[in-house]
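*Asks:* Below is a structure I'd like to ask you about.
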Amino acid sequence: MVYIKNLFYFYFSPTKETVSSLPLCSKIINIFSFLLLQYLFILLITGIRILLQIKGILEPLKYDGEMNTLTNSLFLSVLLGPLLEEIVFRLWLIYDKINISISVAYILLWVSAKVFGVHWFSSIPYVLIFVLVFISIFTALFFLLKRYENQKIISFWEKNQKLFIIISCIFFGAIHIGNYTTNNNSIIYYFITFAPQIFFGFILCYIRIRMGFGASVATHSINNFIPLILSKII
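Note that the numbering used here numbers the sequence shown so that position 181 is 321, with each residue one more than the last.
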């Protein structure tokens, strides 16, 4: 329970949180404790959704066809997807020139792909262009940060970390809007549908800050792996 307590202390009562370096065994226990918390939250939200469906307030969730294909792919859903999402939403939460340069470079390429319909990994020439542009943006940002880095910037990052977490979690939930097809634009629909992603975002942010980037990627991967395997078995 101490792991779960520290999660809530981190967000709501920082002075009560106990911070210490964790051995690998404790990190693994931490990860599965948080995953259990996430699944309990999903169970609660699912129960509320079912009640609202019975009352005719919400319709059953319908997954986008393309999303079904992606979630059934072990490589995309369990390996590449979590890594890239952690780079976009959580790598940069702790101030570091390399972390920020990697995140911003990939975010710019990701946004350009969405806006212009570019599929960076569809062919070798596109992959090469992606790599060249990524290296160029990363290098420019890194040396820009190196030149203008000062204690004010670092302090600003540390002071506003919770705000960055909130922004990260909201956008993390928002990118999953395309996972579903619906005509329902009510606040209840969006809250019930995307609350689990936003809640999981807060868990991943905590893990990233307290246990490291690798731990947040591992947690994200395991979270995606479990339902994928269950869907194959059941």
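Cβ atoms here follow ideal geometry from the backbone N, Cα and C, with glycine treated the same way.
Since we're looking at a predicted model, the values are computed, not measured.
If I follow the unbroken alpha helix (DSSP H) through residue 255, where does it start and stop?
*Replies:* Within the sequence shown, residue 255 is the residue found at index 115, counting from 1. 237–256 is the extent of the alpha helix (DSSP H) around residue 255.
*Asks:* Buried or exposed, going by whether 16 or more other CB atoms sit within 10 Å of the CB of residue 287?
*Replies:* By one-based count along the sequence shown, residue 287 stands at place 147. Exposed: under 16 other Cβ atoms inside 10 Å.
*Asks:* Take residue 147 and list the residues in its own chain whose beta-carbon comes closer than 6 Å to its own, dropping the five residues that flank it on each side.
*Replies:* Counting from 1 along the sequence shown, the entry for residue 147 is found at position 7. Excluding sequence neighbours, residue 147 sits near 346.
*Asks:* Locate the alpha helix (DSSP H) running through residue 379, then write down its first and last residues.
*Replies:* The chain is shown only over 141 to 374; residue 379 falls outside these bounds and no answer can be derived.
*Asks:* Given a cut-off of 8 Å, decide if residue 364 and residue 218 are closer than it, judged by their beta-carbon atoms.
*Replies:* On the sequence shown, residue 218 is found 78 positions in, with the first residue counted as 1. On the sequence shown, residue 364 is found 224 positions in, with the first residue counted as 1. It is a contact, given that the beta carbons lie within the stated cut-off.
*Asks:* Can we say the region 304–318 touches the region 189–199, given the rule of at least three CB pairs closer than 8 Å?
*Replies:* Taking 8 Å as the limit for Cβ pairs, the verdict is that the region 189–199 does not touch the region 304–318.
*Asks:* Does the separation of the CB atoms of residue 233 and residue 304 fall below 8 Å?
*Replies:* For the purposes of this step, residue 233 is taken as residue 93 along the sequence shown, with counting starting at 1. For the purposes of this step, residue 304 is taken as residue 164 along the sequence shown, with counting starting at 1. Taking 8 Å as the Cβ cut-off, residue 233 and residue 304 qualify as a contacting pair.
*Asks:* Over the uninterrupted alpha helix (DSSP H) stretch that includes residue 261, give me the two end residues.
*Replies:* Walking along the sequence shown from the start, residue 261 turns up at place 121. Residue 261 -> no alpha helix (DSSP H), and no H or E assigned at all.
*Asks:* Thinking just about the alpha-carbon of each residue, which of 258, 169 and 329 is nearest to the one in residue 193?
*Replies:* By one-based count along the sequence shown, residue 193 stands at place 53. The shortest C-alpha separation from residue 193 is found at 329.
*Asks:* I'd like the list of long-range same chain contacts for residue 230, defined as Cβ closer than 8 Å, with 5 residues on each side in sequence excluded.
*Replies:* The sequence position of residue 230 within the sequence shown is 90, counting from 1. So the qualifying residues of the chain are 308, 344, 345, 348, 353 and 356.
*Asks:* Nearest-angstrom Cα distance between residue 445 and residue 168?
*Replies:* Outside the modelled stretch of the chain, which goes from 141 to 374, sits residue 445, for which no answer is possible.
*Asks:* Run through DSSP, which three-state label would residue 159 get?
*Replies:* For the purposes of this step, residue 159 is identified with residue 19 of the sequence shown, where counting begins at 1. Coil at residue 159, not helix or strand.
*Asks:* Compute the distance between the beta-carbons of residue 181 and residue 339, then report whether it is under 8 Å.
*Replies:* Counting from 1 along the sequence shown, the entry for residue 181 is found at position 41. Counting from 1 along the sequence shown, the entry for residue 339 is found at position 199. It is a contact, given that the beta carbons lie within the stated cut-off.
*Asks:* Beta-carbon within less than 8 Å of residue 334's beta-carbon, same chain only, minus the 5 sequence neighbours each way: which residues are those?
*Replies:* In the sequence shown, the residue the question calls residue 334 occupies position 194. Here the set comprises 313, 314, 316 and 317.
*Asks:* For residue 184 and residue 336, I'd like the C-alpha separation in whole angstroms.
*Replies:* Residue numbering aside, residue 184 sits at position 44 when the sequence shown is read from its first letter. Residue numbering aside, residue 336 sits at position 196 when the sequence shown is read from its first letter. Distance between the alpha carbons of residue 184 and residue 336 is about 10 Å.
*Asks:* Indicate whether the contact test is met: 3 or more Cβ pairs, each with one atom in the region 280–297 and one in the region 260–267, closer than 8 Å.
*Replies:* Touching, no.
*Asks:* Answer with buried or exposed for residue 244, where buried requires no fewer than 16 other C-beta atoms within 10 angstroms of its C-beta.
*Replies:* Walking along the sequence shown from the start, residue 244 turns up at place 104. So residue 244 counts as buried.
*Asks:* Is residue 327 closer than 8 Å to residue 171 when the C-beta atoms are compared?
*Replies:* As a position in the sequence shown, residue 171 is number 31, starting the count at 1. As a position in the sequence shown, residue 327 is number 187, starting the count at 1. The answer is no: Cβ separation not under 8 Å.
*Asks:* Helix, strand or coil for residue 196 per DSSP?
*Replies:* Mapped onto the sequence shown, residue 196 falls at position 56. Residue 196: coil per DSSP, three-state reduction.
*Asks:* Check each candidate in 226, 266, 223 and 285 and name the one with the smallest Cα separation from residue 241.
*Replies:* Position 101 of the sequence shown holds residue 241. Ranking 226, 266, 223 and 285 by Cα distance to residue 241 puts 285 first.
*Asks:* Apply the 10 Å Cβ neighbour rule to residue 272 and answer buried if 16 or more other Cβ atoms are within range, or exposed otherwise.
*Replies:* Taking the sequence shown and counting its residues from 1, the one referred to as residue 272 is at position 132. Classification of residue 272: exposed, given that the 10 Å Cβ count is below 16.
*Asks:* State the Cα-Cα distance for the pair residue 278 and residue 216, rounded to the nearest angstrom.
*Replies:* Counting from one through the sequence shown, the residue named residue 278 turns up at place 138. Counting from one through the sequence shown, the residue named residue 216 turns up at place 76. In a straight line, the C-alpha of residue 278 is about 24 Å away from that of residue 216.
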